[in-house]
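With my numbering applied, the sequence shown corresponds to residues 17 to 474, in that order.
Ideal Cβ placement from N, Cα and C applies to all residues, glycine included.
All values derive from a computational prediction rather than experimental measurement.
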Amino acid sequence: MADDYLVRIGKLIRDARQHRGWTQTQLAEALGTSQSAVNRIERGNQNISLEMIARIGEALDSEIVSLGYAGPMHLRVVGGRRLSGAIDVKTSKNACVALLCASLLNKGRTVLRRVARIEEVYRLLEVLNSIGVRTRWINDGVDLELIPPAVLDMDAIDAEAAVRTRSIIMFLGPLLHRMDHFRLPYAGGCDLGTRTIEPHMIALRRFGLDITATEGIYHAKVEPGVSPGRPIVLTERGDTVTENALLAAARHDGVTVIRNASSNYMVQDLCFFLEALGVKVEGIGTTTLTVHGVPVIDADVDYSPSEDPVEAMSLLAAAVVTESELTIRRVPIEFMEIELAVLEEMGLDHDRSAEYVADNGRTRLVDLTVRPSKLEAPIDKIHPMPFPGLNIDNVPFFAAIAAVAQGQTLIHDWVYDNRAIYLTDLNRLGGRLQLLDPHRVLVEGPTRWRAAEMMCPP
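Structural data, given as structure tokens:
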């Protein structure tokens, strides 16, 4: 039991250190101890006193352990205020995750600029570190450097971190070029309904990858010399499915055609990154991608992922719901145009700047100013579609927006099995949402909001 607590405390310390952007050596210097001691602490292999925990917390500016309280973490939000000012949209989480996986294609040094500092990135970094990839936050913790080893140590993979993110499945595409057989822990992640990996397998089998699943582990075997031959037709126009096919095609020595591909923002960012690695990709932004693969990628690459349209939408929704005037800078407009068209129909008052180019040199950005507006429910239902349709991840924001609009709004969330059910939790805050079936919610507005205790979906 004591060992279990040491492991849990060690993980908390490791997460806090990574959030600060420090290496184990930097933390050791702050504590006046050795890097090996910090490593033992983080692995749960060393007894640790309350005094040392307090010193570590002070060094990392983080409360490692809260004594006397074992409940869940709460955020207390004091409402009734309007927002003001301007804010920059940060880089895309989904793009950063794909690029971390794509770095496994490269034998050289990869630098990613302004990487999103979120839990899923930390999980993937834990996995990458465990198999031998050297990762380091540079430039005051803003940018990320990745240097792979000559040979990946898949036997040492951090299974605990791997099973906590579905993104681990995007290791399959790069790894099939690095080894003939390997094991990968089952992918996990958030609970939004049943998701299958079969679309990934259909695409990757064309490159010779065969997967056998046992309890908790995918056993992968690669048949050398297998070529897709005819075009790969994806059975699902999913983002990660497309990314996995791209990652597999990038180092396939030949031309691979991928049809029914997603053209969403993270897929485009991955294509731009592959081009920086020397892989020619035709059809970016369309549903047919032609990849001219290269068998060896050994380049020092410096890449800036573009801004996150989902974060931009969250800021836009916050401004609308709080009846605020807010300027949102660096909005990737290409991936927000349908959302803005729907909001304009509902009566949104906003201005946008002239377009300019993101740091990746490709994505179109604007600055968006939103003002308090009297919204009316849209005539048609709100429903997601693959890009260039309304972004699947932006549907929940429209539930809150519809709650402040006059009239009834039908939201049809056909993608996930049970996400619409979670939307009805807005009723705790005074909303009037009626669940018609597991995929459809009827929202009645406007809403007189009230305070309540909410619980985050699993």
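Environment of residue i [buried if 16+ CB atoms lie within 10 Å]
i: residue 90; result: exposed
i: residue 164; result: buried
i: residue 435; result: buried
i: residue 461; result: buried
i: residue 65; result: exposed
i: residue 420; result: buried
i: residue 151; result: buried
i: residue 450; result: exposed
i: residue 452; result: exposed
i: residue 278; result: buried
i: residue 185; result: buried
i: residue 302; result: exposed
i: residue 255; result: buried
i: residue 362; result: buried
i: residue 329; result: buried
i: residue 189; result: buried
Residue i, DSSP secondary structure in three states
i: residue 367; result: strand
i: residue 454; result: coil
i: residue 223; result: helix
i: residue 325; result: helix
i: residue 189; result: helix
i: residue 306; result: strand
i: residue 403; result: coil
i: residue 202; result: coil
i: residue 23; result: helix
i: residue 102; result: strand
i: residue 41; result: helix
i: residue 62; result: coil
i: residue 209; result: Below a pLDDT of 50, predicted positions are generally treated as unreliable, and residue 209, at 47, falls in that range; the measurement from the model is reported next regardless. Coil.
i: residue 254; result: coil
i: residue 387; result: strand
i: residue 300; result: coil
i: residue 77; result: coil
i: residue 426; result: strand
i: residue 495; result: Since the first residue shown for the chain is 17 and the last is 474, residue 495 is missing from the structure and cannot be characterised.
i: residue 272; result: strand
i: residue 97; result: coil
i: residue 312; result: coil
i: residue 464; result: coil
Cβ shell of residue i (< 6 Å), same chain only, five flanking positions each side left out
i: residue 235; result: 199 and 228
i: residue 367; result: 385
i: residue 60; result: 22, 23 and 26
i: residue 364; result: 389
i: residue 273; result: 247 and 306
i: residue 131; result: 112 and 160
i: residue 342; result: 99, 335 and 386
i: residue 84; result: Model confidence at residue 84 stands at a pLDDT of 46, short of 50, so the residue's coordinates are unreliable and nothing is read from them.
i: residue 340; result: 98 and 99
i: residue 139; result: 177, 180 and 181
i: residue 266; result: 121, 290, 295 and 309
i: residue 465; result: 445 and 446
i: residue 456; result: 428
Same chain, Cβ closer than 8 Å to residue i, neighbours up to 5 away in sequence not counted
i: residue 285; result: 108, 111, 114, 115, 321, 322, 376 and 379
i: residue 197; result: 235, 236, 237 and 238
i: residue 314; result: 122, 123 and 124
i: residue 398; result: 358, 406, 411, 414, 418, 425, 426, 427 and 428
i: residue 173; result: 143, 146, 147, 199, 200 and 201
i: residue 294; result: 310, 313 and 315
i: residue 106; result: 130, 132, 323, 324 and 327
i: residue 297; result: 262, 287, 290, 291, 305, 306, 307 and 308
Residue i Cβ short of 7 Å to the ligand SAM heavy atom set
i: residue 361; result: Ligands are entirely absent from the displayed structure, and the ligand SAM is therefore not among its contents.
Close beta carbons around residue i, own chain, < 7 Å, minus the five adjacent residues each side
i: residue 217; result: 227
i: residue 325; result: 281, 348, 351, 352 and 407
Selection from the options that minimises the alpha carbon distance to residue i
i: residue 387; options: 333, 399, 398 and 374; result: 333
i: residue 441; options: 97, 467 and 43; result: 467
i: residue 305; options: 446, 318 and 280; result: 280
i: residue 166; options: 250, 37, 355 and 194; result: 194
i: residue 251; options: 241, 219, 155 and 189; result: 219
i: residue 360; options: 186, 394, 72 and 215; result: 394
i: residue 154; options: 39, 356 and 431; result: 39
i: residue 448; options: 299, 416 and 223; result: 416
i: residue 270; options: 134, 402 and 243; result: 243
i: residue 104; options: 362, 30 and 382; result: 382
i: residue 241; options: 46, 249, 102 and 224; result: 224
i: residue 283; options: 396, 118 and 93; result: 118
i: residue 94; options: 230, 396, 456 and 445; result: 445
i: residue 253; options: 55, 214, 245 and 265; result: 214
i: residue 400; options: 443, 438, 373 and 355; result: 355
i: residue 372; options: 141, 443 and 345; result: 345
i: residue 62; options: 29, 37, 138 and 78; result: 29
i: residue 33; options: 92, 127, 141 and 318; result: 141
* **4 or more residues per run - each alpha helix (DSSP H) lying fully within the segment 113-197** => Within the segment 113-197, the complete alpha helix (DSSP H) segments at least 4 residues long are 135-146, 175-178 and 188-191, listed from N- to C-terminus.
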